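With the sequence shown counted from 1, adding 38 to any position gets you the working numbering.
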Amino acid sequence: MIYKERRHPMKHLFSSETWSSMRTLLAALLTLGILLCLLLAGCTPYADDDADEGRGTGVALSLGSVTVAEQKDGKQGVDTRADTPVDGLEQWPGFQGGDNLYVGITSGSLQGGGRYHYDDGNIWLATRNSAYWQSGAAKNTVRITNKGVGDYTLPDSYEADAATKWHTWDVLTYQEENVAPVSPYSCQLQHAMAQLCVELAPGTEIKTDQLQSATVKALNADCEFSISLFEGDEPLQKQSGTPKSITLLKNGATSLKHYALLLPEQNYAAAQKMIEINIGNESYSFTPTEALMLKAGTCLHLTLTVSKTGVSGWTVSSTSWDDEVTTGGKPGEDSEVTVIENTAGGLEAALNSFSGTKLMITGEINDADMGALKEAIKNKNITEVYIMATGVANLEDNAFRDCTTLESISMPGITGSIGEEAFEGCTALQSISLPEVTGDIGNYTFNGCTALQNVSLPRVTGSIGNCTFKGCTALQSVSLPEVTGDIGNYTFNGCTALQNVSLPRVTGSIG
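Shown next as structure tokens:
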């Protein structure tokens, strides 16, 4: 019997040498595939995570409602500048499809994280792996951020590519401890950065149109930070590094406000140069007379009067997060403030045609103009007033008494005395700041200002009268670095929310 050799069918197509080489190549590819699978299996839940994939209890966190802390004027929403401006919006409507949130959960030594994206169906979905509850008891710490884990440096300027930069650096964070597994899990994010607003006002020999071309820089700004979901006290952590100058974002073609997002807890000491203003070939600077602190989730608002000889006046206030830079129109043109360049005695006529709620007065004013202003505030429901004009040094008795719609007022040029009951009954007034008071502050000046939260008066060379802040039930902080006269009786009577009073140098008596 003759037997025929059975050949492998593939060998009909290749020589023995070629077939051997192919088998070797196939084996190598198979080995590489196995190694790749093992490598992927050992990866963290998402590229930005810095921890192992900890499945803990095996119960995944699902995100429910995610909101952002209340903004200025009680508005609710996600206060980050839109990548594409939306005309007509009063506030940015919230998260958009494709936005990411990064979630970390720890319990003791156990930790795990995941990344979630905002779906077009208005729900949060895990991008790769979910974050898992690490403990079945109420011992979980949950951290959430809108920025991935890593090290970061603030930009040199917010002017270039303004929309994207603002959206990128408005860091939102959340942290809660002793959390039991809940599904779906809802939370409210907080602004982790501090906001700086520098508002320019024309002074002597400087016109408004000159200020429109100004560039504004924050000097010696801390700029290094990191984001962590598992380490440190908070998700955003400042790092040591070399401070730098950061150019602020001019808020639209017609605005004199400039904004920046800066790291919180930065302290500008008294006599430390803080702001640089460049107009053509001329450079001006602002140096605070008292220490200023940047705080997370708040806006430090500086109103600087620029004169040919330098910054001639300023006011400082701290408010909640300011949404003017981030919402509506072309990114946030500040068209609400009406500027009236006045001549002494002409304000009443100029105010006849005024129909807005925010008013800036430049030029010259007299006592008759101040009386006309008071009546306009009452009759036209004006909420914000910036008196940048010169000509009036003292605030008379009852100057703004019972102006119940007035929320804020800046008066860098009024540096004399403040009369009795000047702001009594201004129930909507939230903040007031003057560069100095070279006379007395009268009795009952702020009596019954139930919305007043912060007061900063760097220097008072006279006395502070009786019951000055009586009944200011929302007042939380008062800074009076230097008072060379007496502080009267019952000055803070009824200030039930007061947490901090700074009186480092009072040379007179305290009632």
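All C-beta atoms in this analysis are idealised placements derived from N, C-alpha and C, irrespective of residue type, glycine included. It should be emphasised that the depicted structure is a prediction, and the values quoted were computed from it without experimental measurement.
- Its chain contains Ser283, Thr285 and Glu314 as the residues whose beta carbon lies nearer than 6 Å to that of Lys255, once the 5 sequence neighbours on both sides are disregarded; these appear in chain order.
- In this chain, the beta strand (DSSP E) harbouring Thr211 covers Leu210 to Val217.
- With a 10 Å radius around the Cβ and a threshold of 16 neighbouring Cβ atoms, Gln233 comes out buried.
- Cβ atoms of Lys346 and Ile244 come within 8 Å of each other, at about 6 Å.
- Here the alpha carbon of Asp405 sits roughly 13 Å from the alpha carbon of Asn436.
- Nearest neighbour of Val493 by Cα position, chosen from Cys510, Tyr196 and Gly503, turns out to be Cys510.
- The alpha-carbon of Asn538 is positioned some 34 Å away from that of Thr206.
- CA-to-CA, the gap between Leu330 and Cys225 works out to about 31 Å.
- Secondary structure at Gly409: helix, using DSSP grouped into helix, strand and coil.
- The alpha-carbon of Leu340 is positioned some 44 Å away from that of Pro219.
- A contact is defined here as three or more CB-CB pairs under 8 Å, and the stretch 169-184 meets this definition with respect to the stretch 130-149.
- For Gly174, the closest alpha carbon among the candidates Ser145, Thr400, Asp157 and Ser391 is that of Ser145.
- By the C-beta density criterion, Asn527 is exposed, having fewer than 16 other C-beta atoms within 10 angstroms.
- Taken atom to atom, the span from the alpha-carbon of Ala252 to that of Gly188 is near 35 Å.
- Excluding five sequence positions before and after Val180, the CB atoms of its chain that fall closer than 6 Å to its own CB belong to Ile143, Glu214 and Val217, given in chain order.
- In the three-state reduction of the DSSP assignment, Trp162 falls in the strand class, which pools E and B.
- Per DSSP, the continuous alpha helix (DSSP H) segment holding Thr246 begins and ends at Thr246 to Leu249.
- Between the alpha carbons of Thr488 and Ile447 lies a gap of roughly 15 Å.
- Contact check for Leu433 and Ala466: beta-carbon distance about 18 Å, past the 8 Å limit, so the pair fails to qualify.
- In the DSSP assignment, Arg153 is bridged to Tyr140.
- Residue pairing by DSSP places Ala259 opposite Lys282 in a beta bridge.
- Distances from the CA of Gly94 to each of Gln149, Glu262 and Ala309 were compared; the closest alpha carbon is that of Gln149.
- By the C-beta density criterion, Asp194 is exposed, having fewer than 16 other C-beta atoms within 10 angstroms.
- In this structure, the beta-carbon distance from Trp204 to Leu274 does not fall below 8 Å.
- Nearest to Pro281 by C-alpha distance, out of Met312, Asn380 and Leu495, is Met312.
- According to DSSP, residue pairing for Glu237 in a beta bridge involves Lys295 and Thr341.
- DSSP places Asn417 in the helix class (H, G or I) of the three-state scheme.
- With 16 or more other Cβ atoms from the protein chains shown falling within 10 Å of its own Cβ, Gly463 counts as buried.
- Our two residues, Leu536 and Lys333, have alpha carbons roughly 18 Å apart in a direct line.
- For Glu197, there is no enclosing beta strand (DSSP E), since its DSSP letter is neither H nor E.
- About 6 Å separates the beta carbons of Glu445 and Glu422, which is inside the 8 Å limit, making them a contact pair.
- Within the same chain, Cβ atoms closer than 6 Å to the Cβ of Ala98 are found at Ser168 and Tyr170, the five residues on either side in sequence being excluded.
- When C-alpha distances from Gly451 are compared across Asn319, Leu342 and Gly384, the shortest belongs to Leu342.
- Residue state for Lys396 is assigned as strand, using DSSP reduced to three classes.
- The beta-carbon distance between Pro222 and Gly102, rounded to whole angstroms, is 3 Å. This is short enough to meet the 8 Å contact definition.
- Annotation: the continuous beta strand (DSSP E) that includes Glu379 extends over Val375 to Asn380.
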